[in-house]
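Residue numbers (the numbering used here): 68 to 365.
Reading through the structure tokens given below for one structure.
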Ligand code: ATP
């Protein structure tokens, strides 16, 4: 018997970052949008806990207990006094260290899969609690759709989305470490007053209306200058997306994946082809949003 859960990637259509707090965390106003690029996590009973991974980026995924899928299984097992003897297999399509919450997706997916396999029937609130312990982006991977994340990003308010958005994602040659991007943000903003971030009403309105042009005018990412400072070649990728007709181009989360918002599917395909030909990225993916959160598929 095994259980497979499908989990989406995310793009931040607003990533508002405040000054570093004494505990090192930054206050965030995050508007998460789940996009239709997925990892699948399959859990099967085994002699002991082990993790395997398949997919183009599999070589960059840790297979020890630092893997977020393993940590999720261990967290649920510890709470319920269960022996976490399972094989976790990750079919990975979300870029690794790409700013699309791929590790978080695997954490949420493993948690839901283990809950189903073990029959632990944890409440939604308990699952969200465990997700928040695992990392700031993990709760959103569980719920999907669109949500405002405050605090460290883990306090979620679901948001209404009134239509389908078409995105093109350009994946970079190498990853960027999220902590390194936050350190660069601190360096770039040193000596300046950084206001506490708040949700952007134009972003929320554009999502609610399903209006791509309005969303394009409203998207912001306060981490973008830091990501571009560490990875200046991304400027060329953003420019290639704009030249091909993207309504908006931005760094996804902490990067280095770049997100290009298209007015419709045909333009998305055109932007994807142009980005592929531009030689400014490793590979390109087209996806729509919103996507459902972690879902048991078999
Ligand atoms: P975020 O958008 O949440 O900041 P990210 O998408 O930039 O994250 P991830 O793909 O989640 O980055 O990976 C960040 C690091 O986490 C990896 O470099 C890897 O060492 C570690 N990691 C732990 N578990 C996983 C996992 N299941 N998949 C990928 N990376 C993992």
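For glycine and all other residues, C-beta sits at the position ideal for the given N, C-alpha and C.
6 Å Cβ shell around residue i - same chain, five flanking residues per side excluded
i           : result
residue 90  : none
residue 98  : 80, 81, 215 and 270
residue 319 : 78, 166, 167 and 326
residue 266 : 96 and 215
residue 180 : 70, 72, 108 and 110
residue 258 : none
residue 347 : 303, 304 and 307
C-alpha gap between residue i and residue j, whole angstroms
i           : j           : result
residue 165 : residue 242 : 6 Å
residue 161 : residue 262 : 32 Å
residue 150 : residue 115 : 9 Å
residue 204 : residue 119 : 22 Å
residue 282 : residue 145 : 42 Å
residue 127 : residue 234 : 25 Å
residue 351 : residue 244 : 20 Å
residue 334 : residue 313 : 8 Å
residue 285 : residue 294 : 20 Å
Ligand 1 heavy atom lying under 7 Å from the CB of residue i
i           : result
residue 127 : yes
residue 15  : Because the chain in this structure spans residues 68 to 365, residue 15 falls outside the shown range and cannot be described.
residue 134 : yes
residue 171 : yes
residue 197 : no
residue 321 : yes
residue 217 : no
residue 245 : yes
One or two residues paired with residue i in a DSSP bridge
i           : result
residue 291 : BP columns for residue 291 are empty, so no partner.
residue 157 : 108 and 120
residue 325 : 237 and 318
residue 332 : In DSSP, residue 332 forms no bridge with anything.
residue 79  : 99
For residue j and residue i, believed in contact at Cβ under 8 Å, the rounded distance
i           : j           : result
residue 223 : residue 213 : Wrong, their Cβ atoms sit about 10 Å apart, outside the cutoff.
residue 276 : residue 211 : In fact, because the Cβ distance is near 20 Å, the residues do not count as touching under 8 Å.
residue 209 : residue 360 : 5 Å
Close-in-space but distant-in-sequence residues of the same chain around residue i (CB under 8 Å, 5 per side omitted)
i           : result
residue 152 : 112, 113, 114, 115 and 116
Close-in-space but distant-in-sequence residues of the same chain around residue i (CB under 7 Å, 5 per side omitted)
i           : result
residue 221 : 199, 203 and 206
residue 331 : 233
residue 177 : 108, 110, 136, 139, 140 and 155
beta-carbon residue i near ligand 2 non-hydrogen atom, thresh 7 Å
i           : result
residue 163 : Although ligand 2 was asked about, the structure shown includes only ligand 1 as ligands.
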